[in-house]
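See structure below.
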C-alpha cells in the first residue's frame with residue numbers, strides 16, 4: 001500500500017503576497033450544490049470631461065471652417081454647421097448670463113430723450129449751413145441709444161408737430177419730383193429721391209440718437225405710403241430692408257440689436273394673427289417669390305433680431321397691406337401697429353426645405369388698438385352699410401338723407417344723445433347773388449372742351465401753375481383756388497373741378513368722450529385729398545357785430561382759421577427750388593357761417609393744434625370772391641377710424657358741435 005504524496009511546499013513569501021492579490025476561484029463541481037453568486041464590482045463610468053459651453057462651440061466653429069479646396073457641397077454643410085453652433089453658443093451665453101444676474105445685458109433704464117429744444121427740426125437752414133442744397137455729406141447717426149419716457153402733454157404736441165412737418169416736407173418733395181419726370185413711371189423712385197434729399201439736409205428725425213421703443217410723435221395706426229417715409233420720421237432705419245437694427249459698433253455689448261421690422265407677408269413661413277406674429281428673417285428668396293431658393297444666414301438683420309430676443313428688446317412692428325389706391329409702385333400702405341417682444345427665435349428647415357430664421361413676436365399689452373384691426377373694422381362697417389344693415393349703436397345710416405354722394409352714418413356708443421338728427425342737413429352754403437349795378441354784362445367761363453390745362457382762363461387765375469394733380473390731390477396750398485364754374489365749357493370730369501364732384505372718402509359722425517361729437521374716416525384718405533365742405537346759413541358781415549351774433553348762435557368765422565394752407569406743398573426748407581410763388585393778396589371771406597339751424601358733416605370736425613386737415617378757400621368760375629367756399633383737405637395720410645381734426649385758430653374756440 002503506497003504512501004500518500006507529500007504536501008506541496010508553500011510558495012516563497014514574495015510569491016504568496018502576489019497570489020493573495022489574485023484569489024484563485026476553484027472550478028465548480030457540476031454535481032455539487034450551486035454556490036452563492038458574489039456580485040462582481042463594476043467601476044462607475046468616468047465623468048464627462050468636456051462640458052457644453054460657448055467656448056467649446058466657438059472652438060468647434062473654428063475647426064469647421066471650410067477651406068478653399070473643399071467640395072462646394074461639403075463647404076456648404078460646414079457653413080450650415082457653423083451657423084447652428086453660433087445659435088447654440090448665443091443661447092448658452094444667454095442662459096449663463098440669466099442665471100448669473102437677473103438684469104438684461106442691455107442697460108436696464110435707458111436715458112430719456114434730450115430736451116425737446118435739442119430735437120427740433122432745422123427750418124431755415126440745412127445740416128451744413130444756410131443753404132441746404134450745399135450739403136453733400138449726410139448726417140451720420142450718433143452712438144447714443146435711448147428709450148423715450150415721461151413725456152408731458154406739451155411734449156406729445158411738440159413731437160407730433162415735428163412728425164407732421166417732416167411728412168409734409170417729404171410729400172412736397174415727392175410730388176414736385178414726380179411732376180418733373182412724369183414719364184419715368186415706376187422706375188422714377190421719387191420717394192427715395194425725396195428721402196435722400198431730406199437725409200442730406202439733416203431733416204430725418206432723431207438721427208442724433210437711436211431710439212428703442214416708441215417714436216415720439218408717431219401714433220399707433222399711423223399710415224404711410226412709402227418705406228422711405230418710415231425712415232424720415234424715425235420708425236425704421238433702412239428704406240428697402242425688412243429689419244431695422246442698431247449696428248454692433250453702436251451697442252455697448254458689441255452685438256447688433258433690432259429695433260423695427262416691416263412685415264408684408266412676403267415669405268412662405270410667415271404667420272400673422274394680429275397680436276402674435278411669426279416673422280421670417282431676410283434673405284434666401286428671389287424677388288416676388290414666396291418660397292426660398294437658398295438657406296438664410298444668421299447675420300446682419302437676422303442676427304440683430306435674434307439678439308433682440310436674447311436681450312428682451314422691444315421691436316416696432318409695421319405691417320404692409322395691399323392698397324389699390326396707393327401711389328406706391330408696389331401698391332402697398334404701411335401701418336404702424338405698436339411694440340412687440342420677440343418671444344422665440346429658431347433656425348432650421350422651413351416649408352420650402354431650406355433653413356430659415358423664424359421669430360415669434362407677441363404684442364405688448366397696454367397699447368392703443370391694433371392699427372390693422374381698425375382697417376378691418378372700417379371694412380366691416382362699410383360692407384354692412386352698403387347692404388343697408390344698421391350696425392349696433394348707430395342712430396342713422398345717412399345723416400345727409402341722400403344729399404351727399406356718400407352716406408354719412410352717425411354712431412353713439414356712449415349715451416342717448418341724438419342731437420345731430422335735429423338739424424337740417426345742407427351740403428353747401430347758399431351765397432347771396434350780388435346786386436347788379438348798371439347794365440348787365442354777360443359773364444363767360446372757359447371754353448375747354450375736354451379738360452383744362454395751362455391755357456385755361458380759369459387756370460390762369462391760379463398763380464404758379466396747375467392746382468390739382470391728376471389724382472385730384474392739391475399740389476400746393478394758396479390763399480384762394482380758382483376752379484372752373486357753371487358757365488365753363490369743360491365737363492365735370494375736368495381736373496379743375498375736384499371739389500364740385502363731392503366727397504370721395506367715407507366719413508361718419510360719432511360720439512366721443514374727448515370731443516363730444518366728432519368726425520372720423522371710414523376710408524383711407526390720401527394726403528392732399530379733398531374731404532368735405534363746410535355748410536350752413538350765410539350771414540353777410542355788414543353792420544352786424546360778430547360778437548353779438550355769437551352770443552345766441554353757433555357761428556363759424558372763416559377768418560379765424562390759421563393759414564395752414566401755407567404748410568401744404570412747401571419743400572423749400574430742403575430744396576429751395578420747390579418754393580411757392582408770390583401769391584396776390586386775398587381779402588378773405590366777407591361772411592360768417594351760422595350753423596344753428598343748418599349744418600353738415602364738416603361742422604362736427606374737432607379742434608386740434610396738430611390737425612390732420614386744413615381749410616382752403618375755393619372760388620368757382622365767376623363767383624363773388626367775398627364768398628369763397630370753405631373746403632377741407634387732408635394734411636397727411638389719414639387711416640380708417642382716425643378722427644379728423646382742424647385748427648380753428650384761437651385757444652378755447654370750439655367746433656360748432
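In the UniProt record's numbering, the protein residues as written are 1 to 657.
Cβ coordinates follow ideal geometry from the N, Cα and C atoms, glycine included.
Quick caveat: nothing in here was measured; it's all calculated off a predicted structure.
*First through last residue of the alpha helix (DSSP H) which encompasses residue 198*: 190-200
*asked:* residue 391 and residue 398 - do their beta-carbons sit closer together than 8 Å?
replied: no
*Could you round the C-beta distance between residue 482 and residue 359 to whole angstroms and report it? I think they count as a contact, below 8 Å.*
Their Cβ separation, rounded to whole angstroms, is 55 Å, which puts residue 482 and residue 359 out of contact at 8 Å.
_Cβ neighbour criterion (16 or more within 10 Å) applied to residue 540_ = exposed
*Which first and last residues belong to the alpha helix (DSSP H) in which residue 175 is found?*
Counted as a single uninterrupted DSSP element, the alpha helix (DSSP H) harbouring residue 175 occupies residues 153-180.
*What residues in its chain sit with their C-beta under 7 Å from that of residue 257, if we drop five residues either side in the sequence?*
245, 246, 251, 304, 307, 308, 311 and 313
*Could you tell me the distance, in whole angstroms, from the CA atom of residue 370 to the CA atom of residue 526?*
20 Å
*Closest by CA to residue 458, which one among 480, 471 and 470?*
480
_Within a Cβ cutoff of 8 Å, which residues of the same chain sit near residue 523, ignoring the five residues on either side of it in sequence?_
Once the five neighbours on either side are set aside, the close Cβ partners of residue 523 are 378, 382, 505, 506 and 640.
*Sorted by chain position, which residues of the same chain lie with C-beta nearer than 6 Å to residue 631's C-beta, five sequence neighbours on each side aside?*
499, 533, 616 and 618
*How long is the line joining the alpha carbons of residue 568 and residue 528, rounded to whole angstroms?*
8 Å
*For residue 161, verify whether its CB is less than 7 Å away from any heavy atom of the ligand SAM.*
For the ligand SAM, the structure offers nothing, since it holds no ligand at all.
*Would you say the stretch 146-160 touches the stretch 550-561, given that touching needs at least three Cβ pairs under 8 Å?*
Segments in contact, no.
*Exposed or buried, what is residue 510 when buried is set at 16 or more other beta-carbons lying within 10 Å of its beta-carbon?*
Label assigned to residue 510: buried.
*Below 7 Å CB to CB, which residues in the same chain sit around residue 606 once its five sequence neighbours on both sides are set aside?*
515, 518, 643, 645 and 655
_For residue 54, report the span of its alpha helix (DSSP H) as first-last._
54-63
_Here's the rule: buried if 16 or more other CB atoms are within 10 angstroms of the residue's CB, otherwise exposed. What is residue 521?_
Answer is buried; the Cβ neighbour count reaches 16.
*How many angstroms separate the CA atom of residue 465 from the CA atom of residue 454?*
Spanning the two alpha carbons is a distance of roughly 7 Å.
_Please list the terminal residues of the continuous alpha helix (DSSP H) segment that includes residue 229._
227-232
*How many Å lie between residue 612 and residue 208 at the Cα?*
27 Å
*Alpha carbon to alpha carbon, what distance is there between residue 400 and residue 536?*
13 Å
*asked:* In this structure, how does DSSP classify residue 374 when only helix, strand and coil are distinguished?
replied: helix
*Quick one: is residue 166 near chain C, going by C-beta distance under 8 Å?*
Absence of chain C from the displayed structure is noted, only one protein chain being present.
*What runs of the beta strand (DSSP E), each 3 residues or longer, lie entirely inside the stretch 489-552?*
507-512, 516-521, 530-533 and 537-540
*Among 224, 344, 372 and 356, which has the Cα closest to the Cα of residue 281?*
356
*Contacting residues, own chain, Cβ-Cβ under 8 Å from residue 559 (five flanking each side not counted)*: Excluding positions up to five away in sequence, the list reads 588 and 589.
*What residues in its chain sit with their C-beta under 6 Å from that of residue 85, if we drop five residues either side in the sequence?*
57, 60 and 61
*Go through its chain and collect everything with a Cβ distance to residue 395's Cβ below 6 Å, but skip five positions before and after it.*
410, 412 and 418
_Using the Cβ count rule (16 or more neighbours within 10 Å means buried), how would you classify residue 614?_
buried
_In the DSSP output, what is residue 411 paired with across the bridge?_
394 and 510
*How would you call residue 421, buried or exposed, if buried means at least 16 neighbouring beta carbons within 10 angstroms?*
An exposed status is given to residue 421, since fewer than 16 other beta-carbon atoms sit within 10 Å of its beta-carbon.
*Return the residue from the list 471, 164 and 627 that minimises the CA-CA distance to residue 229.*
164
_Taking its Cβ as the centre, do 16 or more other Cβ atoms sit within 10 Å of residue 294, making it buried, or is it exposed?_
Taking all protein chains in view, the Cβ of residue 294 is surrounded by fewer than 16 other Cβ atoms within 10 Å, so the residue is classified as exposed.
*asked:* Can you give me the C-alpha to C-alpha distance between residue 721 and residue 192, rounded to a whole angstrom?
replied: Because the chain here runs from 1 to 657, residue 721 falls outside it and cannot be looked at.
*Given that a residue counts as buried once 16 or more other Cβ atoms are within 10 Å of its Cβ, and exposed if not, what is residue 123?*
Unreliable positioning characterises residue 123 in this predicted model, as indicated by a pLDDT of 37, which lies under 50. A coordinate reading is not provided.
*asked:* One question on the structure: do residue 301 and residue 243 come within less than 8 Å of each other, judged by their Cβ atoms?
replied: yes
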